[in-house]
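Asker: Have a look at this one.
Number of protein chains: 2
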Amino acid sequence: MTGTLTAMHTRTRSYHHGDLRAALLTRAEETLREKGPTALSLRELARDLGVSHAAPSRHFKDKQALLDALARVGFERLRETLEASQEDTGEAFAERLEAMFRAYVGFALDNPALLELMYALKHAPEASAELVEATRRWSELLERVIDEGQRRGEVRKGELERVGVPIFAALHGYAELAATGHLPPEVHEHGLDEVIAFTLRGCAPDGA
Amino acid sequence: MTGTLTAMHTRTRSYHHGDLRAALLTRAEETLREKGPTALSLRELARDLGVSHAAPSRHFKDKQALLDALARVGFERLRETLEASQEDTGEAFAERLEAMFRAYVGFALDNPALLELMYALKHAPEASAELVEATRRWSELLERVIDEGQRRGEVRKGELERVGVPIFAALHGYAELAATGHLPPEVHEHGLDEVIAFTLRGCAPDGA
DNA sequence: ATCGAATGTAGGCGTTGCCAACAATGCTGT
DNA sequence: ACAGCATTGTTGGCAACGCCTACATTCGAT
Numbered sequence: 000m001t002g003t004l005t006a007m008h009t010r011t012r013s014y015h016h017g018d019l020r021a022a023l024l025t026r027a028e029e030t031l032r033e034k035g036p037t038a039l040s041l042r043e044l045a046r047d048l049g050v051s052h053a054a055p056s057r058h059f060k061d062k063q064a065l066l067d068a069l070a071r072v073g074f075e076r077l078r079e080t081l082e083a084s085q086e087d088t089g090e091a092f093a094e095r096l097e098a099m100f101r102a103y104v105g106f107a108l109d110n111p112a113l114l115e116l117m118y119a120l121k122h123a124p125e126a127s128a129e130l131v132e133a134t135r136r137w138s139e140l141l142e143r144v145i146d147e148g149q150r151r152g153e154v155r156k157g158e159l160e161r162v163g164v165p166i167f168a169a170l171h172g173y174a175e176l177a178a179t180g181h182l183p184p185e186v187h188e189h190g191l192d193e194v195i196a197f198t199l200r201g202c203a204p205d206g207a
Numbered sequence: 000m001t002g003t004l005t006a007m008h009t010r011t012r013s014y015h016h017g018d019l020r021a022a023l024l025t026r027a028e029e030t031l032r033e034k035g036p037t038a039l040s041l042r043e044l045a046r047d048l049g050v051s052h053a054a055p056s057r058h059f060k061d062k063q064a065l066l067d068a069l070a071r072v073g074f075e076r077l078r079e080t081l082e083a084s085q086e087d088t089g090e091a092f093a094e095r096l097e098a099m100f101r102a103y104v105g106f107a108l109d110n111p112a113l114l115e116l117m118y119a120l121k122h123a124p125e126a127s128a129e130l131v132e133a134t135r136r137w138s139e140l141l142e143r144v145i146d147e148g149q150r151r152g153e154v155r156k157g158e159l160e161r162v163g164v165p166i167f168a169a170l171h172g173y174a175e176l177a178a179t180g181h182l183p184p185e186v187h188e189h190g191l192d193e194v195i196a197f198t199l200r201g202c203a204p205d206g207a
């Protein structure tokens, strides 16, 4: 009986997987991308990775816990993407803002299901706190850009949080609408350009 | 046996329910609001309404079909809300826009789970088309306001769709962020005011 | 009044999430 | 080196779920 079992997977995989937790997250993201969050099943995940159906529970107490962790990964990747967007750009506010907008929307279009999961509302309470913190971590990047823009006199004065919220809203709103397919196709061409120009007007200093 | 069954629900409910479809949608919305979309179960819905577990299948071929229908209901209600918001308001663009923004955000805060469902991406393909159509139906209201604003010279010129997209984005983005709890608490007080002012600046005519 | 369509019921199938009991492995202190 | 313990994985079971098929009741058109 043990013989047939070991024969089943000729893989050089011992009793312990090595890094099942990471493997679960990776595979979960693939499934999420391909078949949506409803289709995501812990047991299927386990089958795909060649472990037993209860193995995932050693790393995520819950299905929701795995989704929460997945959302965290998403925010971390988003932050990296946004950070990278600022590296090869000029110093002008308009340039920095545009780079960040394009990066955010690019991320949304590349990972629509993940984005939906990140901003879903049914996370576990304690994971929710972590996710708000994750949001704060990436929005700091945007706030840094705004703050610098204010210092350069290219952005109207005002508390960082209050100036930032409308920008945040326009950015996230367009990304979400584009990613979920709620924009008519003819918009995709220049829609983002319009949003960027609109945003720049919205936060330009008074006398400009 | 039949005796105990009839005794179980003393309700004056004959073999046929009357309007099970509507009852399912109503109850589903309650459950959605209270326990989230994952917790929504066709069988539990049937139990709540005192019908057999397979009865819902006569009205919705699928669980997804019910969710799709629920999203449609949501869009219809949103449209009514927005339409009503324009009735007791002045003619100035700023006034009309503000009324619509407050109505949309109010709807989002009152029905966060429903809003999430409405803009979710895993709808059935043919329901998806219907939902895009539903989106178009309510966004026409916004476009009407914009068009009137343009005629009054209070909104910059430009194709309706292109001027509308950034406004749509800012509006939906703020509503979603507020509804999903992704805004720091101190923002809720005046955040929407800021977004409205920002939006008005963003679509003001050039020479203003 | 009859017959077909619409609506609801009863039961079964495979899958799922979760739990408890058990097994193999890795680690740590002596 | 190795005993003991925590970690990680396995097996089996349970209740609930979505969906399917077959059957029952009711409604409505003719």
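Sequences listed follow chains F and H, in order.
Going letter by letter, the first sequence gives residues 0 to 207 in numbering that gives the first Met the number 0.
Going letter by letter, the second sequence gives residues 0 to 207 in numbering that gives the first Met the number 0.
Cβ coordinates follow ideal geometry from the N, Cα and C atoms, glycine included.
Within 8 Å (strictly less), CB to CB, does F/F197 reach chain H?
Answerer: Closer than 8 Å to some Cβ of chain H, the Cβ of F/F197 qualifies, so yes.
Asker: In whole angstroms, give me the CA-to-CA distance for F/L69 and F/L113.
Answerer: Spanning the two alpha carbons is a distance of roughly 8 Å.
Asker: Looking at F/G172: is its Cβ nearer than 8 Å to the Cβ of H/L120?
Answerer: No, Cβ-Cβ distance for F/G172 and H/L120 is not below 8 Å.
Asker: Given a threshold of 16 other Cβ atoms within 10 Å of its Cβ, counted over all protein chains shown, does F/G148 qualify as buried or as exposed?
Answerer: Per the 10 Å Cβ criterion, buried.
Asker: Along the stretch 93 to 123 of chain F, what residues have a CB closer than 9 Å to any CB found in chain H?
Answerer: Within the stretch 93 to 123 of chain F, the residues whose Cβ lies closer than 9 Å to some Cβ of chain H are P111, A112, E115, Y118, A119, L120, K121, listed in chain order.
Asker: To the nearest angstrom, report how far apart H/E125 and F/V154 are at their CA atoms.
Answerer: Answer to the nearest angstrom: the Cα atoms are 45 Å apart.
Asker: Should H/F106 and H/T134 be called a contact, given that it needs their Cβ atoms to be closer than 8 Å?
Answerer: No, Cβ-Cβ distance for H/F106 and H/T134 is not below 8 Å.
Asker: If we count the other Cβ atoms within 10 Å of its Cβ and call it buried at 16 or more, is F/P55 buried or exposed?
Answerer: Per the 10 Å Cβ criterion, buried.
Asker: At 4 residues or longer, what runs of the alpha helix (DSSP H) sit wholly inside the stretch 31 to 84 of chain F?
Answerer: Within the stretch 31 to 84 of chain F, the complete alpha helix (DSSP H) runs of at least 4 residues are 41 to 48, 62 to 84.
Asker: According to a CB-to-CB cut-off of less than 8 Å, which residues of the stretch 31 to 62 of chain H neighbour chain F?
Answerer: The stretch 31 to 62 of chain H vs chain F, Cβ under 8 Å: G35, P36, T37.
Asker: Could you name the residues of chain H that F/R200 contacts, counting a contact when the two beta carbons are closer than 7 Å?
Answerer: What F/R200 touches in chain H: R200, G201.
Asker: Once you ignore the five residues that flank F/M0 on each side, which residues in its own chain have a CB closer than 6 Å to its CB?
Answerer: The pLDDT assigned to F/M0 is 33, lower than 50, so where the model puts this residue is not dependable; a value taken from the coordinates is nonetheless given after this. Hits under 6 Å: none found.
Asker: Starting from the C-beta of F/S84, find all residues in its chain whose C-beta is less than 6 Å away, skip the five residues before and the five after it, and write them out in chain order.
Answerer: Same-chain partners within the cutoff: A98, M99, A102.
Asker: Mapping the DSSP letters down to three states, classify F/T9 as helix, strand or coil.
Answerer: Unreliable positioning characterises F/T9 in this predicted model, as indicated by a pLDDT of 37, which lies under 50. The coordinate reading is nonetheless provided below. Looking at F/T9 - three-state DSSP - the assignment turns out to be coil, as it is neither helix nor strand.
Asker: Counting Cβ pairs, one atom from each stretch, are 3 or more of them under 8 Å apart for the stretch 176 to 190 of chain H and the stretch 184 to 202 of chain F?
Answerer: The stretch 176 to 190 of chain H vs the stretch 184 to 202 of chain F: no contact.
Asker: Counting only Cβ pairs nearer than 9 Å, list the residues of chain F close to H/V131.
Answerer: Residues of chain F passing the Cβ test: G180, H181, P183.
Asker: With a 10 Å radius around its C-beta and 16 neighbouring C-beta atoms as the bar for buried, classify H/E86 as buried or exposed.
Answerer: H/E86 should be labelled exposed.
Asker: Taking only beta-carbon positions, decide if H/T5 is within less than 8 Å of chain F.
Answerer: Any reading at H/T5 must be qualified, since the residue scores a pLDDT of 34, below 50, and its modelled position is unreliable; the value itself is stated next. No, because no Cβ of chain F sits closer than 8 Å to the Cβ of H/T5.
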